[in-house]
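Just so you know, the sequences run in chain order A and B.
Following our numbering, the numbering of the first sequence begins with -2 at its first residue and continues without gaps.
Following our numbering, the numbering of the second sequence begins with 813 at its first residue and continues without gaps.
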Amino acid sequence: MAVLNEEQQMLKDMAADWARERMPVTALRSLYDHGGGGRADSIGYDPEAWAEMAQMGWTGILAPQDHGGSDFGYLSLGLILEEMGKTLAASPLLSSALVAVSALRMGGDDAQQARWLPGLADGSVIGTLALDEGPHHAPERLALAATPSGDGWTLSGIKRPVQDGMVAHLAIVAAHTSGAPGVRDGITLFLVDTAAPGLTRTPLDQIDARLPATFTFDKVIVSPDAVLGEVGQGADLLDALRDRAAVGIAAEMLGSASQAFDTILDYLRTRVQFGAIIGSFQALQHRAACLFGELQLTRSAVELALVAIDEGDTALPALASLAKATAGDTLHAISSQMVQLHGGIGMTHEHDAGLYLKRARVAEQCYGSTAWHRERWARLNGY
Amino acid sequence: MVESEAIDEQAFRLEARAWLKANFPPSLAHVPGLIFQGDRHTAEANADYQLWRQRMADKGWGVPNWASRYGGADLTSLHGKIIGEELTAIGGFNPIRSYGTMMLGPTLLEYGNEAQKLEHLPFIASHERRWCQGFSEPGAGSDLASLQTRCTDMGDHWLVNGQKIWTSGADQADWCFAIVRTDTSRKQGGISFLLIDMASEGIEARPIVLISGSTHFCEVFFNDVKVPKGNLVGQVNQGWTIAKRLLQFERNSLSEVKADITPLSPLAHEYLGTDALGRIDSPDLRARMVHNAMRHEAYMATVHRFAQEAKNGGPSNGVSTLKNLWSGIIQERSELLVELMGANGLGWAGDAYGEAEREAARALLHSKAFSIYGGSFEVQNNITAKHTLGLPG
Ligand SMILES: Cc1cc2nc3c(=O)[nH]c(=O)nc-3n(C[C@H](O)[C@H](O)[C@H](O)COP(=O)(O)OP(=O)(O)OC[C@H]3O[C@@H](n4cnc5c(N)ncnc54)[C@H](O)[C@@H]3O)c2cc1C
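Below is the structure:
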């Protein structure tokens, strides 16, 4: 655990208590139908719980104080995301409080910040990033086109998956105002109201019962003041945003992995077979010891990256990829072992193991898969 | 408060930098310190090494956080860390580093009496006395407590009979810290911790050749060896507790070092070529190198984090986790280095191979020991499972 100040320690304890009481894993179950899939009538999160999170100030942790936030920094928000990850608490906290707020803080002008940050900070507005367009996170293949029309722009194309897309009010949309896909020049970020005419949102019924969406842009008209940062110069801002998003989800994954591991340990300490507690079998002891080591690497990498954001460390891109890839490997292994080490009961919808497995696979793909981040780290380090 | 500490730290850093610059012999820059630590003859034959050792000994900076009466410099571990960093920055090494500083010294500081500390610590701090570790026996490896080497109370001295094995550097050592059996009726409770002068009559050390070609370790025979009564550390039959503590220090030092291994990428480009996109031209090998390098980076962050967390300063149970991560990552790296060199990484001797290539082959062979000594990989996992994770049995 990184060295925390008093505020951060309080925040972490509070988040842990709240998640345990208000958003235990059973809460997630209400989003599932009895067949183990997402419920058709669900919206992928609990609005009342979201209001409580906002009331506790979590939605404003990254927002500046003059826009209703507390400016506590990424390590603080990371601690909360980790606690949410432990109980698989489903909410737009990452999409909105981390990604959307970061976008406005880093790229927004005074008017844009004044327009959006107070709402994002108090939770009344939900924001998200609309970046990916195909099955893989591939910012280098970004294709959605923005063509000049009048003094603004017209957006046409598809975004999918957009995290928390069905409930978001604000989407930060990455588009090409010029240049072909694959060229960094010409990428522009737009602040788009999801109620804009021509924007159709279709829910994606995902294995983890959250509700990302497909956004179809059919000549959606945006005004010039919707441009975040400079026209055509959004690539750097987008990179910075993706790094922060990746670190945020890695923090959530760290929480899920550590809780899954603790659940495994509990079972190893109690389940009896062959007249012995199964945790006394050396094969299982060693598997647990190795997973524990992986968990340590993950915690270190995630904390390193969170602190790097707060300190403005220029090594962030590599550290963000290190955090996401390490968390991906570890959560992948632990969530699989969570099923394996529970035997038959681990395969049932009634048991939590499947919920961790489902969320793990989704989180692994979110904001760049393990493979994507390893490749990026490799490029950044001259491999 | 924080600020004044920061200034103090910076001031000490500048002081250390200046002193090291003035005193570290340039001829030793980037020479691996291990060649002197591992071989007495190399150390004695190198005048610059001897000069460097003596200067560090006089300054007390080989063990900066030991008390000055024991040969240290009365500094904090933060100072020690700064000295280490500044040393690394100029391609230097600590000439005092040895089994004495890594294992016996910290153990004596906790369990030795004042006479023992004064007799031995200053010579460890000056690296004038080489130590070896007489723990393992032919029948007692992982199950160390089953050791048989007898130590009998003869009234005015101890009498030692038996055999140790895998004793690193025993043929070059001046002294040996050993665990011996003082009571045959109890296993762990019948062991004592003894300091033995290797010049004593009745000791014979026979070097054993390793797969890497080095004669790193020996069999050591003890035949009616007389040891003064004052050489027993702690209480009679308390040796197991002391040995376990020493093994923690050993694991800690094993997992702590090797901070500054160089990235494999430049070498890989050299040996494997570069593709049109600027990548190492061997996708599979490249992927495994990257995976290993990332694990290494996360591992270094973990060493750092554990150190921050261990507020009380001493090594803890986390050491077993670190040791296994470290041995696995370094072994894999050794394999990758040879693999990227291809056939050139498989040379044993001769001019057909560069020095670095021959070293890579030997390092690969030697690296297999990392998961055996200091408690094997499996034994570390047992420790983690039981003591850290609280699993039964
Ligand atoms: C290069 C090198 C230097 C060394 N230097 C020294 C030294 O200076 N001083 C010294 O005293 N010793 C030294 N050793 C010895 C080292 O500590 C022992 O080799 C080690 O403790 C293992 O003991 P062993 O060789 O008898 O193997 P064994 O204990 O016989 O082990 C054989 C295999 O069985 C496994 N095993 C054993 N018990 C268990 C268990 N309970 N559960 C699961 N698996 C198990 C082991 O992990 C190993 O894979 C050195 C060894 C090497 C390789």
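Note that beta-carbon positions come from the ideal geometry of N, C-alpha and C, so glycine has one too.
Here B:W970 carries a strand assignment [DSSP, helix/strand/coil].
Per the coordinates, the alpha-carbon of A:D222 lies some 13 Å from the alpha-carbon of A:P145.
With a cutoff of 8 Å on beta-carbon distance, B:I902 and B:L832 are scored as near each other. Only L262, L265, R266, A273, I274, G276, S277, F278, Q279 and L281 from the segment 261 to 281 of chain A bring a Cβ to less than 9 Å from some Cβ of chain B. In this structure, A:L78 keeps its C-beta atom at 8 Å or more from the C-beta atom of A:I58. In the DSSP annotation of this structure, the continuous segment of the alpha helix (DSSP H) that includes B:T900 starts and ends at S889 to A901. When secondary structure is reduced to three states using DSSP, A:D215 falls in the strand class. Taken in chain order, the members of the segment 1099 to 1113 of chain B whose beta-carbon sits within less than 8 Å of a beta-carbon on chain A are A1099, M1101, V1102, H1103, A1105, M1106, R1107, E1109, A1110, Y1111 and A1113. Taking the beta carbon of A:C287 as reference, the chain B residues within 8 Å of it are N1136 and N1193, listed in sequence order. Collapsing the DSSP output to three states places B:I991 in a strand. Exposed is the label assigned to B:M966, since fewer than 16 other Cβ atoms lie within 10 Å of its Cβ.
Below 8 Å, enough C-beta pairs join the segment 283 to 294 of chain A and the segment 329 to 337 of chain A to call them touching: three or more. Against B:A990, chain A offers no close residue; the least beta-carbon distance is about 30 Å (beta-carbon pairs closer than 8 Å).
The residues T144, K216 and I218, in chain order, have a CB closer than 6 Å to that of A:T151 in the same chain once the five nearest residues on each side in sequence are set aside. Look at the segment 301 to 325 of chain A: the residues with a C-beta under 8 Å from a C-beta of chain B are L301, L319, A322 and T323.
Residue state for B:K1198 is assigned as helix, using DSSP reduced to three classes.
For A:I306, the enclosing alpha helix (DSSP H) begins and ends at Q279 to D307. Nearest CB-CB separation between A:V0 and chain B: below the 8 Å threshold.
The beta carbon of A:L294 sits closer than 8 Å to some beta carbon of chain B. Looking from the CA of A:T327, the closest CA among B:T1053, B:R1107 and B:S1139 belongs to B:R1107. B:D1009 carries a strand assignment under DSSP once its states are collapsed to helix, strand and coil.
Contact annotation, B:L1148 with B:N1104: C-beta distance approximately 6 Å; criterion of less than 8 Å satisfied. Counting along the chain, A:G149 sits inside the beta strand (DSSP E) bounded by residues G149 to V159.
In the assembly as shown, A:H31 is an exposed residue. Its beta-carbon has fewer than 16 other beta-carbons within 10 Å.
In this structure, A:A298 and A:T323 form a Cβ contact; the two beta carbons are roughly 4 Å apart against a cut-off of 8 Å. Taking C-beta separations shorter than 6 Å and ignoring five residues to either side along the sequence, the partners of B:F1033 in its chain run Q975 and E1016, following chain order.
The secondary-structure analysis by DSSP pairs A:I169 across a beta bridge with A:L126 and A:L188. Beta-bridge partners of B:P1040 (DSSP): B:H969.
Residue range L196 to P200 is occupied by the beta strand (DSSP E) that includes A:R198.
In terms of Cβ geometry, A:R198 and B:P1204 do not form a close pair [threshold 8 Å]. The Cβ atoms of B:A828 and B:G874 lie no closer than 8 Å to each other.
B:K999 carries a coil assignment under DSSP once its states are collapsed to helix, strand and coil. Cβ-Cβ distances below 8 Å link A:Q5 to F69, L72, S73 and L76 in the same chain, with the five nearest sequence neighbours on each side left out; the list follows chain order. The C-beta distance from B:E1171 to B:N1156 rounds to 12 Å, too long to fall under 8 Å, and the pair is not in contact.
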